[in-house]
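Undergrad: When we follow this note's numbering, the leftmost residue of the sequence shown carries the number 243, and every step to the right adds one. Here a beta-carbon is modelled for each residue, glycine too, at the ideal position from N, C-alpha and C. On a predicted model such as this, the values are computed, not experimentally measured, just so you know. First the structure, which I've put down as structure tokens, then a few questions once you've had a look.
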Amino acid sequence: MVRAVVGANWGDEGKGKITDMLAEDSDIIVRFQGGSNAGHTIVNDYGKFALHILPSGVFYNHTTSIIGNGVALNIPYLFKEIEDIVSKGVPRPKILVSDRAQILMPYHILFDKYEEERLGGRSFGSTKSGIAPFYSDKYAKIGFQVSELFDEEGLKEKVYRIVETKNVLVEHLYHKELIDPEEIYKTLMEYKEMVAPYVCDTAAYLHDALKNGKKVLLEGQLGSLKDPDFGIYPMVTSSSTLAAYGAIGAGIAPYEIKDIITVVKAYSSAVGAGEFVSEIFGEEADELRRRGGDGGEYGATTGRPRRMGWFDAVASRYGCRVQGATEAVLTVLDVLGYLDTLPVCVGYEIDGKVTKDFPTTHELKKAKPVYEYLPGWKTDIRGIKNYEDLPENCRKYIEFIEKELEVPITMVSNGPGRHDIIYKNK
């Protein structure tokens, strides 16, 4: 059986915690897209962790963690992350790396920085982790698969050929120091030493595991609104953030994915540029940011303060739909206990008309939020385990959102810890 944990919004929904929790009942956890450009913050018995490329199920002895073929594989970052969690008392995880995963090259990070610098005020708000140049090269067929590390002669020839074309841009567009192909080749040989013990045909491994009745959990990075096809293009990431891509990025049959658990935040937040209809500013945003998450709303990768907003039912319903959500999880609900009134964006006004459908980006630029206001519950809900024990106004808020999402909310997160969860409708 395969379950996917994915985000409905801009990322930052709390997927890491949900993956960490569901991994307890899973055998294999797979990262199927993205790279080290976004993080999952996890609080469990070992402490607090910000994971970027490791799947969020690495904290259990019984699990195998897979870096799928759809991932932008930053090899030194992966091993830095493994050593970091081990140094904090976590047992060394069992990791497998797809032989078809492609390698994030040192020059991808440079090109990301150079391009954001060149664009200035028109930049995409990139995390400068090399993700867009990596996927550009992958689809231009000038990327490097992990398997190519083991063909040294062919690899060297390819490095020289590709660096030659890269240096044209370095010299004439960016006016920076030329890339040395010999250095790149030496770096790849170091990468080979690091990754060799973990490399295997992970698609074949998963095929056998599913045949033998193993439970597989797919972990997505970012959320629906950052998807290059269905998100707020061009302020999106460069790999598909949708559960459907899990079949490709992990190498399994699409019909194997039986449950798509879509994580929705009880308010809105985003890192990076792009349209954000229910965004709030000033004192109101600062207060929510300060109280939000565990220790405040700051990017797990960048440390940047997140942009804040009220719950956006239009964007979240759309986010659930494009994910194909079978159930929704509502996170960080405990944060909202300080508010007298809870605004919920239920529609967008565009050119004088109200719509409940999420539009394409050029229409989104004109959208103004239409709010409904619900009464707050004015109390701390952390520690509550049963849905019936939540304050009435809190339950009304959850049920209002559930109706707007048109997807059953099965879990409510009311704290940062692994077991700060309330089961609903289950």
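Compare the Cα-Cα distances from Ile474 to each of Leu606, Glu614, Thr652 and report the closest residue.
TA: Looking up residue 474 in the sequence shown gives position 232. Its Cα nearest to that of Ile474, the residue Leu606 stands out among Leu606, Glu614, Thr652.
Undergrad: Whose C-alpha, out of His304, Ala495, Ala314, is nearest the C-alpha of Arg245?
TA: Reading the sequence shown from its first residue, position 3 is the one you call residue 245. When each option's Cα is compared against that of Arg245, the closest is Ala495.
Undergrad: Excluding the 5 residues flanking Val458 on each side, which residues of the same chain have their C-beta closer than 6 Å to its C-beta?
TA: For the purposes of this step, residue 458 is taken as the residue at position 216 of the sequence shown. Closer than 6 Å at the Cβ level, and outside the excluded window around Val458, lie Val244, Ile270.
Undergrad: What number of angstroms, rounded off, separates the C-alpha of Ser443 from the C-alpha of Glu390?
TA: Along the sequence shown, read from residue 1 onward, the residue named residue 443 stands at position 201. Along the sequence shown, read from residue 1 onward, the residue named residue 390 stands at position 148. The sequence shown places Asp at residue 443, not Ser. Here the alpha carbon of Asp443 sits roughly 14 Å from the alpha carbon of Glu390.
Undergrad: Nearest CA to the CA of Thr306: which residue from His294, Tyr288, Ser268, Gly618?
TA: Stepping through the sequence shown from its first residue, residue 306 is reached at position 64. It is Ser268 whose Cα lies nearest to the Cα of Thr306.
Undergrad: Do you know offhand how far Ala515's Cα is from Gly551's?
TA: In the sequence shown, residue 515 corresponds to position 273, counting from 1. In the sequence shown, residue 551 corresponds to position 309, counting from 1. When rounded, the distance between both Cα atoms is 14 Å.
Undergrad: Run through DSSP, which three-state label would Ile308 get?
TA: Reading the sequence shown from its first residue, position 66 is the one you call residue 308. Note: Ile308 maps to strand in three-state DSSP.
Undergrad: How long is the line joining the alpha carbons of Ile426 and Gly659, rounded to whole angstroms?
TA: Residue numbering aside, residue 426 sits at position 184 when the sequence shown is read from its first letter. Residue numbering aside, residue 659 sits at position 417 when the sequence shown is read from its first letter. Spanning the two alpha carbons is a distance of roughly 42 Å.
Undergrad: Output the residue ranges of the alpha helix (DSSP H) runs that lie fully inside the region 534 to 584 and measure 4 residues or longer, sorted by chain position.
TA: 555 to 565
Undergrad: Just list the alpha helix (DSSP H) runs in the region 391 to 479, keeping only unbroken ones of 4 residues or longer that don't cross its boundaries, in chain order.
TA: 394 to 411, 423 to 437, 444 to 453
Undergrad: What is the rounded straight-line gap between the Cα of Asp662 and the Cα of Glu529?
TA: Residue mapping note: residue 662 aligns to position 420 of the sequence shown, counting from 1. Residue mapping note: residue 529 aligns to position 287 of the sequence shown, counting from 1. If I take the Cα positions, the gap works out to 23 Å.
Undergrad: Relative to the C-alpha of Asn286, which residue among Asp501, Gln387, Val332, Asp354 is closest?
TA: In the sequence shown, residue 286 corresponds to position 44, counting from 1. Of the candidates Asp501, Gln387, Val332, Asp354, the one whose C-alpha sits nearest the C-alpha of Asn286 is Val332.
Undergrad: Going by beta carbon distance, what residues of the same chain come within less than 7 Å of Val478, once the five residues before and after it are set aside?
TA: Translated into the one-based positions of the sequence shown, residue 478 becomes position 236. Excluding sequence neighbours, Val478 sits near Lys468, Asp469, Pro470.
Undergrad: Spatial neighbours of Arg624 within its chain, please: C-beta separation below 8 Å, excluding the five flanking residues on both sides.
TA: Within the sequence shown, numbered from 1, the residue matching residue 624 stands at position 382. Same-chain partners within the cutoff: Asp576, Asn656, Gly657, Asp662.
Undergrad: Residues in its own chain within less than 8 Å of Asn628 by CB, not counting five upstream and five downstream?
TA: To locate residue 628, count along the sequence shown from 1; it is residue 386. Excluding sequence neighbours, Asn628 sits near Ile664.
Undergrad: Please identify the residue among Glu648, Pro611, Gly385 whose C-alpha is closest to the C-alpha of Lys343.
TA: Against the sequence shown, residue 343 aligns to sequence position 101. According to the sequence as given, residue 343 is Ala; it is not Lys. Nearest of Glu648, Pro611, Gly385 to Ala343, Cα basis: Gly385.
Undergrad: So, is Ala438 buried or exposed, given that buried needs 16 or more other C-beta atoms within 10 angstroms?
TA: What you label residue 438 is simply residue 196 of the sequence shown in a count that begins at 1. Under this definition Ala438 is an exposed residue.
Undergrad: If I measure Cβ to Cβ from Phe392 and keep anything under 6 Å in the same chain, skipping five residues before and after, which residues do I get?
TA: Residue mapping note: residue 392 aligns to position 150 of the sequence shown, counting from 1. Correct list: empty, nothing qualifies.
Undergrad: Under a three-way DSSP split, which group does Asp631 fall into?
TA: Translated into positions along the sequence shown, residue 631 becomes position 389. Helix, per DSSP.
Undergrad: Going by DSSP, what residue range makes up the alpha helix (DSSP H) through Met263?
TA: Position 21 of the sequence shown, counted from the start, is the residue given in the question as residue 263. Segment 257 to 264, the alpha helix (DSSP H) holding Met263.
Undergrad: Would Val401 pass as a contact of Leu430 if the rule is Cβ separation under 8 Å?
TA: Translated into positions along the sequence shown, residue 401 becomes position 159. Translated into positions along the sequence shown, residue 430 becomes position 188. Their beta carbons are under 8 Å apart, which means Val401 touches Leu430 by this criterion.
Undergrad: Can you give me the Cβ contacts of Ile626 inside the same chain, cut-off strictly under 7 Å, excluding the 5 residues immediately before and after it?
TA: To locate residue 626, count along the sequence shown from 1; it is residue 384. The answer, listed in chain order, is Leu632, Asn656, Ile664.
Undergrad: To the nearest angstrom, how far is it from the Cα of Lys259 to the Cα of Asp354?
TA: As a position in the sequence shown, residue 259 is number 17, starting the count at 1. As a position in the sequence shown, residue 354 is number 112, starting the count at 1. Answer to the nearest angstrom: the Cα atoms are 29 Å apart.
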